[in-house]
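As structure tokens, the structure follows; a few thoughts come after it.
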Amino acid sequence: MQPEPLTVHIVDDDASVRDSLALMLGLAGFRTAFFADAEAFLAAWRADWSGCVVADLKLPGASGLELQAEMARRGSPLPFIIITAHGDVPAARAAFRADAVDFLEKPFDQVQLRAAIQNAFSKESMRLRRAADADRLACLTTREREVLAAAAQGLHAKEIGRVLGISARTVEVHKTRIMAKLGARNVAELVRLALAAEPPQDAK
Amino acid sequence: MPLLRYLRDSLVFAPCYIALDWASYIDPVGPFNITPWNPQHGLAIVWLLLGGLSHAPAVLATVVVAEAVVRGLPGGYFIAALTSLTLTGGFASMAWILRELLPDPGLRSTRHLTLLTAVVVAGTAIVGTAFVGLLRGAGLLGATPVPEALLRFWVGDAVGILITAPLLLVVADPARRAGLLALARRPESLAQAGILVAAMWLVFDGLHGDPARLFYLLFVPLIWIAARGGMNGAVVAAAIVQIGVVIGINQEAGARLPVLELQALVATFTLTGLYLGMMVDERERAAESLRQSLRLAAAGEMAGAIAHEVNQPLTALSNYGESALMLLARQGAADAALSDIVRKMLQESARAAEVVRRLRDFFRSGTTRLESLPAEELLATVRRIGQQVLGAETPVLSVRDEAELPALYVDRLQVEVVIRNLIANAQDAIRSGGAEARSIDVQVRRHDPEHLCLVFADSGPGLSLEMRERVFEPFVSGKATGMGLGLAISRAIAEAHGGSLEARAAAHGEFHLVLPCNRNP
Numbered sequence: 001m002q003p004e005p006l007t008v009h010i011v012d013d014d015a016s017v018r019d020s021l022a023l024m025l026g027l028a029g030f031r032t033a034f035f036a037d038a039e040a041f042l043a044a045w046r047a048d049w050s051g052c053v054v055a056d057l058k059l060p061g062a063s064g065l066e067l068q069a070e071m072a073r074r075g076s077p078l079p080f081i082i083i084t085a086h087g088d089v090p091a092a093r094a095a096f097r098a099d100a101v102d103f104l105e106k107p108f109d110q111v112q113l114r115a116a117i118q119n120a121f122s123k124e125s126m127r128l129r130r131a132a133d134a135d136r137l138a139c140l141t142t143r144e145r146e147v148l149a150a151a152a153q154g155l156h157a158k159e160i161g162r163v164l165g166i167s168a169r170t171v172e173v174h175k176t177r178i179m180a181k182l183g184a185r186n187v188a189e190l191v192r193l194a195l196a197a198e199p200p201q202d203a204k
Numbered sequence: 205m206p207l208l209r210y211l212r213d214s215l216v217f218a219p220c221y222i223a224l225d226w227a228s229y230i231d232p233v234g235p236f237n238i239t240p241w242n243p244q245h246g247l248a249i250v251w252l253l254l255g256g257l258s259h260a261p262a263v264l265a266t267v268v269v270a271e272a273v274v275r276g277l278p279g280g281y282f283i284a285a286l287t288s289l290t291l292t293g294g295f296a297s298m299a300w301i302l303r304e305l306l307p308d309p310g311l312r313s314t315r316h317l318t319l320l321t322a323v324v325v326a327g328t329a330i331v332g333t334a335f336v337g338l339l340r341g342a343g344l345l346g347a348t349p350v351p352e353a354l355l356r357f358w359v360g361d362a363v364g365i366l367i368t369a370p371l372l373l374v375v376a377d378p379a380r381r382a383g384l385l386a387l388a389r390r391p392e393s394l395a396q397a398g399i400l401v402a403a404m405w406l407v408f409d410g411l412h413g414d415p416a417r418l419f420y421l422l423f424v425p426l427i428w429i430a431a432r433g434g435m436n437g438a439v440v441a442a443a444i445v446q447i448g449v450v451i452g453i454n455q456e457a458g459a460r461l462p463v464l465e466l467q468a469l470v471a472t473f474t475l476t477g478l479y480l481g482m483m484v485d486e487r488e489r490a491a492e493s494l495r496q497s498l499r500l501a502a503a504g505e506m507a508g509a510i511a512h513e514v515n516q517p518l519t520a521l522s523n524y525g526e527s528a529l530m531l532l533a534r535q536g537a538a539d540a541a542l543s544d545i546v547r548k549m550l551q552e553s554a555r556a557a558e559v560v561r562r563l564r565d566f567f568r569s570g571t572t573r574l575e576s577l578p579a580e581e582l583l584a585t586v587r588r589i590g591q592q593v594l595g596a597e598t599p600v601l602s603v604r605d606e607a608e609l610p611a612l613y614v615d616r617l618q619v620e621v622v623i624r625n626l627i628a629n630a631q632d633a634i635r636s637g638g639a640e641a642r643s644i645d646v647q648v649r650r651h652d653p654e655h656l657c658l659v660f661a662d663s664g665p666g667l668s669l670e671m672r673e674r675v676f677e678p679f680v681s682g683k684a685t686g687m688g689l690g691l692a693i694s695r696a697i698a699e700a701h702g703g704s705l706e707a708r709a710a711a712h713g714e715f716h717l718v719l720p721c722n723r724n725p
């Protein structure tokens, strides 16, 4: 159940930039992994990787933007931060259109880079938590899920019982079992879990 | 003081005019002596064009004196006064029209040449009609029929002005004069002049034929001269041929040469030479500007490549520096002096990055996005940039404008690059000058219906004639530390907008930036 720790995956063809980033991010307490080009990254990539990708725009083979597109095609949710020594507006626009977290011009401000990584990480941990919640919800029975959905709408045990055609006591039993299964300490936490597990499309 | 200068100028003009009138007094016709070559009229027009219409009274007085001295007042004082008034009025009108039409008196393009030719040909026809009509009315034409008198006057005046005016304008324009002097120093020019004179000898004497029929021979050296020397060469060639024709006519006074026909040929010769020369000049200018833009494009590519290559090590450098600071902080009792040094190194690396960024930004004016920029916003932009560039420094920035200026139609960012560059240059010029009155004056005014002109004047020492054009060449800088790209790029931006950027010759620094207005506000 314990997920892989969040890792900064750096794709840059310049050895000094790679080395210096490894040193600095390592000292700042980040786990890092390094690749010289997009091809090396794709060859090593596994679907359970989490964290973010810091990719140079200009790489020997496929560019950072092409890597971003390829990862999206493979269904990877890894957030991207594009860095470039050749800051140009159209590339930045393309990166943001493809949902990059940030677009930084080399040489960048360390504060900026760390902020971008933090931003990407908070996105990632939210995604991971949601995935974990979804995993836990998967072990509920159909009836338990119905009770949970009704409870998430703010209904009381009596009302839930009326809607589902069961007694309020049975509802209470279901609730207790759900809380035990999901490791929730109270109803509020239960509701949060139920909401987090829902696909975000009804977020307006 | 202005009166003294006026008198002095007139004392230069009057003898020249009278001497030219006397020297060109050939083959007069009729009791009133209409001559087939009147270069003095060209002198009068150029005098009024360059000096202003306030010189008209002096010109009028000179014309009257010349009538008396050279022609002996054949019609009496009253008629002389009337004809002189007609002539002076004609000169003044032509000079006024040319002043209005030509952006500056140095003939710079075939368009200017066409304007000059059209004004002169039409103007002399109108003045000639008035002049001959006046004489006819006074019964002074004698046996000469009106059409013949008119034709003589017209051809004589048009040829005289078309040869004299461009020559004088070339001599009066500093840039063109420099070109003329450079041309005179070329050995080739001597050979060209020699062959032209030899060809004239063949036409008038050597071949014992009809000079009018042999005249075509002169076009051969003309082609050579104009092709090699441009307009400057053609102007001189026309003058040499005209003088040769006058000498030829005078020598064969008994032989009754077809003077009018010869003068018409000289007119054709002159126009051919001027246009040919002007086209050669224009082609050369186009080639030069193409060379410059190619150099600029190459510089842009180079700047991009350098920016990329230098930014990589700068990134690594600042990362290592940051790491060093973190390690020092981790050691607890961090060495304050060492941290300080590392921090300074980081600052320097940031400064290097800033230089690279600015260099690249200069060339990033690739795609132009035109939008309307109201005049008030333009002025606000100038003030804002002025504050940013000058900071709290002493030079006074004053910004002035005319009322009701139209909006510009430009790319904001690119225009800002140009304004920033011009203000920064002005600041450097003032610093190097060390003058007591330190000021930068930016003035916005209407240039023509479709353009505004921003005049950047500073109290610096100004540019030498030679540097005036050179500063716009890439990698040429008047500053010790300049890269020589600012003005080259600024001019490229102005020209990409359909405007221009020029340095003016003045005792102080002065740049004129012309930008297009919004056509459909």
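Sequence order for the protein chains is S and L. All residue numbers for the first sequence refer to the numbering used here, where the first residue is 1 and numbers rise by one. All residue numbers for the second sequence refer to the numbering used here, where the first residue is 205 and numbers rise by one. Beta carbons are placed, not taken as given, at the ideal position from N, Cα and C, and that holds for glycine.
Between G246/L and I429/L, the CB-CB gap reaches or exceeds 8 angstroms. Here D632/L carries a helix assignment [DSSP, helix/strand/coil]. By the rule that beta-carbons nearer than 8 angstroms mark a contact, V101/S does not touch chain L. Contact between the segment 467–485 of chain L and the segment 310–317 of chain L is present: 3 or more CB-CB pairs across the two stretches fall below 8 angstroms. Judged by beta-carbon spacing, G477/L lies within the 8 angstroms limit of A442/L, meaning their Cβ atoms are closer than that value. Rounded to the nearest angstrom, the gap between the Cα atoms of I447/L and V439/L is 13 angstroms. Along the segment 12–88 of chain S, the alpha helix (DSSP H) occurs as fully enclosed runs of 4 or more residues at 15–27, 38–44 and 64–73, listed in sequence order.
As the crow flies, the alpha-carbon of G383/L is around 32 angstroms from that of A628/L. Residues Q244, A270 and V274 of the same chain have their beta carbon placed closer than 6 angstroms to that of D225/L, with the five preceding and five following residues left out of the count. For N436/L, the closest Cβ of chain S is not nearer than 8 angstroms. When the alpha-carbon of L426/L is set against those of L475/L, R547/L, R561/L and N523/L, the nearest one is in L475/L. Among the residues of chain L, none has a CB under 8 angstroms from the CB of L65/S; the nearest is roughly 16 angstroms distant.
Against chain S, the CB of Y479/L has no partner CB under 8 angstroms away; the residue lies outside that interface. Around the beta carbon of H651/L, 16 or more other beta carbons lie within 10 angstroms, which makes this residue buried. For L574/L, the nearest beta carbon of chain S is not closer than 8 angstroms to its own beta carbon.
Listed in chain order, the non-local C-beta contacts of E392/L below 7 angstroms within the same chain comprise R432, local neighbours out to five positions each way being set aside. Around the beta-carbon of A326/L, fewer than 16 other beta-carbon atoms lie within 10 Å, marking it exposed.
Per DSSP, E271/L lies in no beta strand (DSSP E) segment and is marked neither H nor E. Within 10 angstroms of the beta-carbon of A194/S lie 16 or more other beta-carbons, which makes it buried. Taking a 10 Å sphere around the C-beta of F96/S, we find fewer than 16 other C-beta atoms and assign the residue as exposed. Check the Cα spacing between E488/L and each of L667/L, V449/L, A661/L and M435/L: the tightest is with M435/L.
Under the three-state reduction of DSSP, T7/S is assigned to strand.
Excluding sequence positions up to five before and after F108/S, its CB lies within less than 7 angstroms of the CB of I83, all in the same chain and listed in chain order.
The C-beta distance from A630/L to F676/L rounds to 16 angstroms, too long to meet the 8 angstroms contact threshold. V407/L and S636/L have their C-alpha atoms spaced approximately 60 angstroms apart.
In this structure, L302/L and L253/L form a Cβ contact; the two beta carbons are roughly 5 angstroms apart against a cut-off of 8 angstroms.
Residue state for H716/L is assigned as strand, using DSSP reduced to three classes. The Cβ atoms of G26/S and F121/S do not sit closer than 8 angstroms to each other.
Within the DSSP secondary-structure output, E486/L pairs in no beta bridge. Within 10 angstroms of the beta-carbon of I634/L lie 16 or more other beta-carbons, which makes it buried. In this chain, the beta strand (DSSP E) harbouring R650/L covers S643 to D652. DSSP, reduced to helix, strand and coil, places H655/L within a strand of the structure shown. Look at F103/S here: in three-state DSSP terms it is strand.
Within the segment 26–40 of chain S, those residues whose Cβ lies closer than 7 angstroms to any Cβ of chain L are, in chain order, L27 and A28. Annotation: the continuous alpha helix (DSSP H) that includes Y221/L extends over P206 to A227. Here the alpha carbon of R380/L sits roughly 10 angstroms from the alpha carbon of L371/L.
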